[in-house]
Amino acid sequence: MADGALAAEGLEQREEQSLEDMRIARNGDRTLEQAVEKMSPFERKNLLLSYAREDEKKSAATLLDAGRGNPNWIAARARESFFLFGRFAMDEARRSMRVPGVDIAGMPKAAGAAVRFQQFLDAHLDDAAAPFLRDCLSYAESQGFDLDEFVQEWTEGITGCEYPVPERILKYTQEIVRRYLLAELCGGKEPSDAVHGATADAAGHTFDLFATEGGTAAMCYLFYCLKSNFLIHEGDTMALMTPIFTPYIEIPELNDYDLEVVNVNASTMRSDGTHGWQYPQEELEKLADPNVRLLCLVNPSNPPSYAMSEESRAVLVKIVREKNPNLMIVTDDVYGTFVPGYRSLFADLPYNTASIYSFSKYFGATGWRLAVAAVAKKNIFDDSIAALSDDEKKTLNSRYSSLGDDIPSIRFIDRMVADSRLVALNGTAGLSTPQQVQMSMFALQELMDRGHLYKTKMLELVRDRFDCLWESLDLKQDPDPLRADYYSIIDLDQWSRKLYGDDFADWLEKNYHSLDFVFRLAKDTGIVVMDGGGFDAPSWSIRVSLANLQIDDYQRIGEYVRQLLAEYADVWKNAE
0 MADGALAAEG LEQREEQSLE DMRIARNGDR TLEQAVEKMS PFERKNLLLS YAREDEKKSA
60 ATLLDAGRGN PNWIAARARE SFFLFGRFAM DEARRSMRVP GVDIAGMPKA AGAAVRFQQF
120 LDAHLDDAAA PFLRDCLSYA ESQGFDLDEF VQEWTEGITG CEYPVPERIL KYTQEIVRRY
180 LLAELCGGKE PSDAVHGATA DAAGHTFDLF ATEGGTAAMC YLFYCLKSNF LIHEGDTMAL
240 MTPIFTPYIE IPELNDYDLE VVNVNASTMR SDGTHGWQYP QEELEKLADP NVRLLCLVNP
300 SNPPSYAMSE ESRAVLVKIV REKNPNLMIV TDDVYGTFVP GYRSLFADLP YNTASIYSFS
360 KYFGATGWRL AVAAVAKKNI FDDSIAALSD DEKKTLNSRY SSLGDDIPSI RFIDRMVADS
420 RLVALNGTAG LSTPQQVQMS MFALQELMDR GHLYKTKMLE LVRDRFDCLW ESLDLKQDPD
480 PLRADYYSII DLDQWSRKLY GDDFADWLEK NYHSLDFVFR LAKDTGIVVM DGGGFDAPSW
540 SIRVSLANLQ IDDYQRIGEY VRQLLAEYAD VWKNAE
């Protein structure tokens with residue numbers, strides 16, 4: 000039987016009971032919804048999964064989890080290359096030392112490593128990963144890397160036989176990932192602030208990287224270091240560009256920080272009455288208040304999945320330069336690679352901005368925990384620390400005393416590294432070296448893909464899923480070059496007004512809790528989505544991840560969502 004027929008049959012089987020449940024819920028106990036409302040959206044998702052699994056046991060429904068953004072693809076070539084290089088690294092280790100009768104090897108040596116690696120690849124021409132690794136070596140040579148040193152970083156790194164040195168990020172990992180970020184976030188040019196200029200090292204690089212255990216670790220380290228260095232205090236005001244990934248909403252509320260929050264809302268509407276998900280000037284003007292010390296944004300946004308427009312970026316830049324020059328900015332750029340020609344705020348305001356970039360989504364690597372925090376060499380964080388009071392500096396001198404004698408010269412990004420290990424364990428800080436090797440291979444995959452074949456296919460994949468979802472809702476969306484298509488928000492209030500009128504939408508909001516829809520969807524159909532309200536999106540909205548299901552599944556989701564809204568409308572009509 001076709002998927003569409005199965006969906007229709009399942010809906011018919013549930014419709015009678017579902018309508019009765021809705022009549023009960025309309026006047027029933029709201030204790031559950033009120034308790035669930037206090038949960039994190041991701042905790043709600045786990046509860047929804049339990050409801051969906053129960054339904055799956057009792058019926059022919061198939062659980063469809065569109066709640067989490069874990070992609071169902073992986074970048075295969077860089078992984079194959081990682082494993083093939085591991086075989087070479089073990090040859091190098093055994094070449095260094097071999098204990099007879101026991102499989103104990105030594106530490107890989109640098110001298111002649113590049114030539115031996117080329118010989119290894121010549122002997123493995125039948126392996127699909129060999130050409131990629133040969134290209135990696137050619138790329139390293141074209142960039143002026145010391146090839147023996149580069150190969151040794153990878154052999155030591157993949158065997159995990161040394162602590163990460165430097166702790167912040169390995170030398171060539173930083174060189175490679177920096178070039179990748181320049182291409183993907185900064186239009187291929189080193190960031191330079193028009194007001195503050197840019198400090199560069201001997202190689203012309205204007206920013207440094209800290210490799211972290213995923214983007215979430217980078218968030219934790221950034222917030223903790225900001226507080227530890229008196230850059231934010233309890234009661235300070237920060238701004239969030241909403242809707243936004245929920246931890247950015249939850250962290251400021253913790254008693255560790257206890258910050259006042261101002262929302263900058265992506266509230267623009269298109270001429271057809273649909274959301275534009277951009278920031279009008281009156282919202283951006285909230286950032287002109289010098290009491291706003293910190294701004295956090297996800298760009299492209301999560302969950303609307305839209306990049307900030309060039310016009311909005313220009314307004315924001317003007318506000319910072321002219322009205323709030325001491326604003327500190329954290330931009331989460333994880334979805335930037337899904338928008339052609341994307342430009343991060345880090346490229347426009349490098350002095351004020353720290354960027355977080357994760358490899359998890361684009362490369363299908365959430366389990367690898369790979370991310371970097373990027374901070375310009377000349378930045379507001381260091382300058383603000385230098386301007387602290389004598390008492391605050393004295394406290395920091397004591398806090399970081401184990402790192403050396405010249406505490407004032409320790410940069411913010413290096414304080415982040417130390418704070419990631421409570422300072423005392425700074426010597427054992429750093430992302431594991433095998434992770435850094437895989438990170439650099441992912442970055443090289445894109446740097447060497449001159450035809451952008453992977454990017455083209457990746458964008459097609461998520462765009463086709465987006466189109467399928469909205470076509471099944473009978474609400475086809477026009478193309479938008481700023482749309483990342485990784486998630487999609489369905490505004491149920493807006494949709495219900497369009498289909499059934501304002502009276503129905505007002506009745507729905509009055510008689511049902513907004514969480515009722517997502518719980519009923521899970522219980523009745525086995526479909527798990529997240530409520531938009533947890534992201535500071537419209538309360539009667541749902542977030543659908545377009546990353547983790549097959550394209551036909553999104554057609555089923557659209558059909559079930561449309562049918563469920565129709566069932567609410569039937570209850571409304573009967574109530575009249």
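Using numbering that gives the first Met the number 0, the first residue of the sequence shown is number 0, and each one after it goes up by one.
Just so it is clear, CB atoms sit at the ideal spot from N, CA and C, and this is done for glycine as well.
In this text the structure is predicted, and so the values were computed from the model without any measurement.
Own chain, CB closer than 7 angstroms to residue i, minus 5 neighbours either side, in chain order
i, result
"residue 495", "503, 504, 507 and 564"
"residue 84", "132, 153 and 157"
"residue 287", "318, 322 and 323"
"residue 513", "530, 532, 538 and 539"
"residue 491", "516, 539, 540, 541 and 564"
"residue 257", "233 and 234"
"residue 186", "342 and 346"
"residue 556", "63, 65, 468, 526 and 543"
Cβ distance (whole Å) where residue i is taken to contact residue j below 8 angstroms
i, j, result
"residue 159", "residue 349", "No, residue 159 and residue 349 are not in contact; Cβ-Cβ is about 34 angstroms, not under 8 angstroms."
"residue 116", "residue 150", "5 angstroms"
"residue 489", "residue 543", "7 angstroms"
"residue 535", "residue 241", "4 angstroms"
"residue 471", "residue 558", "5 angstroms"
"residue 184", "residue 335", "6 angstroms"
"residue 328", "residue 294", "5 angstroms"
"residue 167", "residue 416", "5 angstroms"
"residue 461", "residue 520", "With a Cβ gap of about 22 angstroms, residue 461 and residue 520 do not count as contacting."
"residue 375", "residue 190", "6 angstroms"
"residue 305", "residue 482", "6 angstroms"
"residue 547", "residue 69", "5 angstroms"
Element boundaries [alpha helix (DSSP H), containing residue i]
i, result
"residue 248", "245–249"
"residue 436", "432–446"
"residue 461", "452–471"
"residue 358", "Taken as a continuous stretch (DSSP letters only), residue 358 belongs to no alpha helix (DSSP H), as it is neither H nor E."
"residue 396", "389–398"
"residue 130", "129–141"
"residue 73", "Taken as a continuous stretch (DSSP letters only), residue 73 belongs to no alpha helix (DSSP H), as it is neither H nor E."
"residue 153", "146–158"
"residue 379", "379–385"
"residue 283", "280–283"
"residue 414", "411–418"
8 angstroms Cβ shell around residue i - same chain, five flanking residues per side excluded
i, result
"residue 312", "342, 344 and 347"
"residue 161", "106, 155 and 432"
"residue 446", "138, 175, 178, 179 and 182"
"residue 267", "274, 275, 276, 277, 278 and 279"
"residue 435", "156, 163, 168, 169, 172 and 210"
DSSP beta-bridge partners of residue i
i, result
"residue 238", "261 and 294"
"residue 268", "274"
"residue 489", "541"
"residue 104", "97"
"residue 482", "305"
"residue 63", "526"
6 angstroms CB neighbourhood of residue i in its chain, flanking five on each side removed
i, result
"residue 10", "With a pLDDT of only 40 at residue 10, under 50, the local geometry of the prediction cannot be trusted, and the value read off the model is given with reservation. Closer than 6 angstroms at the Cβ level, and outside the excluded window around residue 10, lie 562."
"residue 59", "Reliability of the predicted coordinates at residue 59 is poor, the pLDDT of 45 falling under 50, and no value is obtained from them."
"residue 498", "none"
"residue 229", "387 and 391"
"residue 441", "77, 358 and 362"
"residue 320", "194"
"residue 143", "none"
"residue 192", "349 and 350"
"residue 269", "275"
"residue 331", "297 and 355"
"residue 25", "Note that residue 25 scores a pLDDT of 48, beneath 50, so its modelled location is shaky and nothing firm can be said."
"residue 419", "220 and 428"
Endpoints, the beta strand (DSSP E) within which residue i is located
i, result
"residue 206", "206–211"
"residue 109", "Looking at the DSSP string, residue 109 is not in any beta strand (DSSP E), and its letter there is neither H nor E."
"residue 371", "370–375"
Worksheet entry | Segments assigned beta strand (DSSP E), at least 3 residues, entirely inside the region 509–550 | Whole beta strand (DSSP E) segments, 3+ residues: 540–544.
Worksheet item: Enumerated in chain order, which unbroken segments of the beta strand (DSSP E) with a length of 3 residues or greater are wholly contained in the region 300–355?
Response: Entirely contained in the region 300–355, the beta strand (DSSP E) runs reaching 3 residues are, in chain order, 327–331.
Worksheet entry | Sequence ranges, alpha helix (DSSP H) only - wholly within the region 167–207, length at least 4 | Those alpha helix (DSSP H) runs which fall completely within the region 167–207 and span 4+ residues are 170–184.
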